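Visitor: I am attaching a structure below and will ask some questions about it afterwards.
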Amino acid sequence: MEKTYAEVSVSVNEEGYLTDLSQWTKEVGNEIAKEEGIEMTDKHWEVINYLQEQYRNEVPLNIRKVGKSGVVSIKEFYALFPNGPLKISSRISGIPKPISCI
Amino acid sequence: MRNILILGAGTSGTMMANHLNNSLSQKEWKITIVDQEETHYYQPGFLFLPFDLYKSKQVKKSIKKFIPKGVDLVNEKIDRIDKENDKVLLQNGAEINYDILIIATGTDIAPQETEGMLGDHWHKSVFDFYTFKGAKNLRNKLREWKGGKLVVHITEMPIKCPVAPLEFSFLADSFFINKGIRDKVEISFVTPMSGAFTKPTATKELTYLLEKKNINIIPDFNIERVDGENKKIIDYGGKEVDYDLLVTIPTNMGDELIERSGFGDELNYVPTNKATLQTTVKENIFAIGDATNVPASKAGSVAHFEAEILTENILRYIDGKALKDKFDGHANCFIETGHGKALLIDFNYTQEPVTGTFPFPAIGPLSLLKETHMNHMGKLAFKWIYWNMLITGKHIPFVSATMSEEGKNINKKKELV
Chain G
177 MEKTYAEVSV SVNEEGYLTD LSQWTKEVGN EIAKEEGIEM TDKHWEVINY LQEQYRNEVP
237 LNIRKVGKSG VVSIKEFYAL FPNGPLKISS RISGIPKPIS CI
Chain X
-4 MRNILILGAG TSGTMMANHL NNSLSQKEWK ITIVDQEETH YYQPGFLFLP FDLYKSKQVK
56 KSIKKFIPKG VDLVNEKIDR IDKENDKVLL QNGAEINYDI LIIATGTDIA PQETEGMLGD
116 HWHKSVFDFY TFKGAKNLRN KLREWKGGKL VVHITEMPIK CPVAPLEFSF LADSFFINKG
176 IRDKVEISFV TPMSGAFTKP TATKELTYLL EKKNINIIPD FNIERVDGEN KKIIDYGGKE
236 VDYDLLVTIP TNMGDELIER SGFGDELNYV PTNKATLQTT VKENIFAIGD ATNVPASKAG
296 SVAHFEAEIL TENILRYIDG KALKDKFDGH ANCFIETGHG KALLIDFNYT QEPVTGTFPF
356 PAIGPLSLLK ETHMNHMGKL AFKWIYWNML ITGKHIPFVS ATMSEEGKNI NKKKELV
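Listed in order, the protein sequences are those of chains G and X.
The first sequence begins at 177 in this note's numbering and counts up one residue at a time.
The second sequence begins at -4 in this note's numbering and counts up one residue at a time.
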């Protein structure tokens, strides 16, 4: 389905995750963050950039990997994106919901 | 004379030793397998041990018994792999050269990864059941436990046999009902995932069963630490869950020798091509079973299917032919649900578990994603199959290495993206 964020039309799935990262802009990310009740800071964007970079390199993401990334500790990650940081930050990043489990 | 070296004589390594011994000329190839242990455990039995459903002697046999004559079994701890020089260094200082290496060193629990998990309370009020010792100590505890808050907990994914924690919860419900103390036990299932299982259709079915059995689900719980003194687990978001008896699945990690060898991901799993099972470490190094990072379940059935395909690919590699991209992530798992019933799921990388019959369309005799007594009998029969067919590399009739769509109720509707 289609959704409009910051006057940009993007494709999203049923859970509200972008299905095409190339449609993402920082403004789109900011609007999604508002929906999640998060006010973005430089630190938040640093995490978002890291996640997008990992996704583009086809590296599967999990909480442990983010915690070892040098960008944030797991504790900080939770403080930035409370209650399910990887799911929320992935949505803001415009990347698919992580499947950390098989 | 050329050398094939297998590291680890568990389910995967033993299967490979048998397959290769049957397919390679003993004049041309010497097969060696190394393991530090002397006992081969039937790991699916660790689920039954705590509830006194299996006796401890039913789950252990000698490793030696399953390694064919003609294969050299070395009982020693492995120090590391020297991939540049195609050799493996053992802890006793010995070295083994290889032309082809197969890594089958599995995965193990790493409770030390979680703050406070180990301590005086370990195997007193906090237990694992993924080791023989843990399962046995938990059995002794459950024999005398009078009730309270039982918390079944997954630390982080991936774990070996991802359905085992659910099965443990179901069997616990059954166990306490039979003991007449179910009303004195509160069972909670705490998981870092968003639901009971990873795949949507199975999650729906399993959530229904958890609710029916009055087991609370606490999802999205990423543990930060165990507070053993006050008997609670605390997650990174500050959520707390109290327990009287904590049965946890600690972080699972690959063997430390992978880290010492200078490869492996953040959990010491070996980077492996998910379709060919050749590692990306070096072209003469292959990996199988729980030791790999392939996105399939870490389970004996997966290892069994991988073994058939890996054997074929190793023979192709020896002949200088291109490897087959054949492994599809096929897994086949029974899920014990208590009271003499079980579910069966059959799935792969792309096809999630669905309802249907297995292995024959309409006939079964096993039912997919549905609780039946027949499935439970299948699970019990599997112990015999494991010891007598599976690890000795015999093909299991009617069950192919790649997943079959026959008998499955697959919704062909294209996913909306």
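Note that beta-carbon positions come from the ideal geometry of N, C-alpha and C, so glycine has one too.
Computed from a predicted model, the values in this text were never measured in an experiment.
1. Should X/Asp103 be flagged as near chain G, meaning a C-beta pair shorter than 8 angstroms?
2. Mind listing the chain G neighbours of X/Gly232? Cutoff is C-beta to C-beta under 7 angstroms, in chain order.
3. Indicate whether X/Thr100 and X/Leu252 have their beta-carbon atoms separated by less than 8 angstroms.
4. So, is the C-beta of X/Glu261 closer than 8 angstroms to a C-beta in chain G?
5. To the nearest angstrom, how far is it from the Cα of G/Glu191 to the Cα of X/Asp230?
6. Flag this pair as yes or no: are the beta carbons of X/Ile309 and X/Ile95 separated by less than 8 angstroms?
7. Under a CB-based cut-off of 8 angstroms, is X/Asp215 close to chain G?
8. Contact between the region 371 to 384 of chain X and the region 187 to 195 of chain X: three or more CB pairs below 8 angstroms?
9. Please report the distance separating the alpha-carbon of X/Ala317 from that of X/Ala298.
10. For X/Leu201, I'd like the list of residues in its chain whose CB is within less than 7 angstroms of its CB, leaving aside the five on either flank, ordered along the chain.
11. Use the C-beta contact count for X/Ile405: other C-beta atoms within 10 angstroms, 16 or more gives buried, fewer gives exposed.
12. On a Cα-Cα basis, can you pick out the residue from G/Val242, G/Val223, G/Asp196 that is closest to G/Ala209?
13. Given this structure, state the Cα-to-Cα distance separating X/Val83 from X/Ile76, to the nearest angstrom.
14. Going by the CB atoms, is the gap between X/His334 and X/Met398 shorter than 8 angstroms?
15. At which residue ranges does the region 285 to 366 of chain X contain complete beta strand (DSSP E) runs of 3 or more residues, listed in the order of the chain?
16. Compute the beta-carbon to beta-carbon distance between X/Ser164 and X/Leu205, rounded to the nearest angstrom, for a pair I have assumed lies under 8 angstroms.
17. Are the beta-carbon atoms of X/Ser362 and X/Asn327 separated by less than 8 angstroms?
18. For X/Ile62, which residues of its own chain have a beta-carbon under 7 angstroms away from its beta-carbon, when the five flanking residues on both sides are left out?
19. Looking at X/Glu261 and X/Gly284, is the spacing between their C-beta atoms short of 8 angstroms?
20. If you check the beta carbons only, do G/Asn259 and X/Gly232 fall under 8 angstroms apart?
21. Classify X/Ala130: buried if its beta carbon has 16 or more other beta carbons within 10 angstroms, exposed otherwise.
22. Of the residues that make up the region 210 to 236 of chain G, which ones have a beta carbon closer than 8 angstroms to any beta carbon in chain X?
23. Could you tell me whether the Cβ of X/Glu23 comes closer than 8 angstroms to any Cβ of chain G?
24. Which residues, in chain order, does the region 148 to 175 of chain X contribute to contact with chain G at a C-beta distance below 7 angstroms?
25. So X/Asn370 is in the alpha helix (DSSP H); what residue range does that whole segment cover?
26. Since X/Ala291 and X/Thr267 should fall inside the 8 angstroms C-beta cutoff, what is the C-beta to C-beta distance between them, to a whole number of angstroms?
Guide: Reading it off the structure:
1. For this step, residue 103 of chain X is matched to residue 108 along the second sequence. Not an interface residue.
2. If you number the second sequence from 1, residue 232 of chain X lands on position 237. Annotation: Cβ neighbours of X/Gly232 in chain G (cutoff 7 angstroms, chain order): Tyr254, Pro258, Asn259.
3. On the second sequence, residue 100 of chain X is found 105 positions in, with the first residue counted as 1. On the second sequence, residue 252 of chain X is found 257 positions in, with the first residue counted as 1. In this structure, X/Leu252 lies closer than 8 angstroms to X/Thr100 by Cβ.
4. For the purposes of this step, residue 261 of chain X is identified with residue 266 of the second sequence, where counting begins at 1. Yes, contact with chain G.
5. Counting from one through the first sequence, the residue named residue 191 of chain G turns up at place 15. Counting from one through the second sequence, the residue named residue 230 of chain X turns up at place 235. So the two alpha carbons sit approximately 24 angstroms from each other.
6. Locating residue 309 of chain X in the second sequence gives position 314, counting from the first residue. Locating residue 95 of chain X in the second sequence gives position 100, counting from the first residue. Against a cut-off of 8 angstroms, the Cβ pair of X/Ile95 and X/Ile309 comes out as a contact.
7. Translated into the one-based positions of the second sequence, residue 215 of chain X becomes position 220. By this cut-off, X/Asp215 is an interface position.
8. Contact check between the region 371 to 384 of chain X and the region 187 to 195 of chain X: fewer than three CB pairs, one atom from each, fall below 8 angstroms, which does not count as touching.
9. Start at 1 with the first residue of the second sequence, and residue 317 of chain X comes out as number 322. Start at 1 with the first residue of the second sequence, and residue 298 of chain X comes out as number 303. The alpha-carbon atoms of X/Ala317 and X/Ala298 are separated by roughly 22 angstroms.
10. Indexing the second sequence from 1 puts residue 201 of chain X at position 206. Counting only residues of its own chain and dropping the five nearest sequence neighbours on each side, X/Leu201 has a CB closer than 7 angstroms to the CB of Leu161, Ala191, Phe192.
11. Sequence index remark: in the second sequence, residue 405 of chain X carries index 410 (1-based). Exposed, since its Cβ has fewer than 16 Cβ neighbours within 10 Å.
12. Position 33 of the first sequence, counting from 1, holds the residue named residue 209 of chain G. Taking only the C-alpha atoms, the option nearest G/Ala209 is G/Val223.
13. To locate residue 83 of chain X, count along the second sequence from 1; it is residue 88. To locate residue 76 of chain X, count along the second sequence from 1; it is residue 81. Cα to Cα, the separation comes out at about 4 angstroms.
14. Within the second sequence, the letter at position 403 stands for residue 398 of chain X. Within the second sequence, the letter at position 339 stands for residue 334 of chain X. Not in contact: X/Met398 and X/His334 (Cβ atoms no closer than 8 angstroms).
15. 326 to 333, 336 to 342, 351 to 355, 359 to 363
16. As a working note, residue 164 of chain X is residue 169 in the second sequence. As a working note, residue 205 of chain X is residue 210 in the second sequence. Rounded, the Cβ-Cβ distance is 7 angstroms, consistent with contact.
17. Locating residue 362 of chain X in the second sequence gives position 367, counting from the first residue. Locating residue 327 of chain X in the second sequence gives position 332, counting from the first residue. No, Cβ-Cβ distance for X/Ser362 and X/Asn327 is not below 8 angstroms.
18. For this step, residue 62 of chain X is matched to residue 67 along the second sequence. Hits under 7 angstroms: Ala4, Thr9, Ala12, Ile28, Leu68.
19. As a working note, residue 284 of chain X is residue 289 in the second sequence. As a working note, residue 261 of chain X is residue 266 in the second sequence. Cβ atoms of X/Gly284 and X/Glu261: not closer than 8 angstroms.
20. The count along the first sequence starts at 1 and reaches residue 259 of chain G at position 83. The count along the second sequence starts at 1 and reaches residue 232 of chain X at position 237. The answer is yes: Cβ separation under 8 angstroms.
21. Residue numbering aside, residue 130 of chain X sits at position 135 when the second sequence is read from its first letter. X/Ala130 should be labelled buried.
22. Answer set for the region 210 to 236 of chain G: Pro236.
23. In the second sequence, residue 23 of chain X corresponds to position 28, counting from 1. Answer no: the Cβ-Cβ gap between X/Glu23 and chain G never drops below 8 angstroms.
24. Here the close residues are Glu151, Met152, Pro153, Pro157.
25. Here residue 370 of chain X corresponds to residue number 375 of the second sequence, with the count starting at 1. Here the alpha helix (DSSP H) through X/Asn370 covers 368 to 380.
26. On the second sequence, residue 291 of chain X is found 296 positions in, with the first residue counted as 1. On the second sequence, residue 267 of chain X is found 272 positions in, with the first residue counted as 1. So it is not a contact: roughly 10 angstroms between Cβ atoms.
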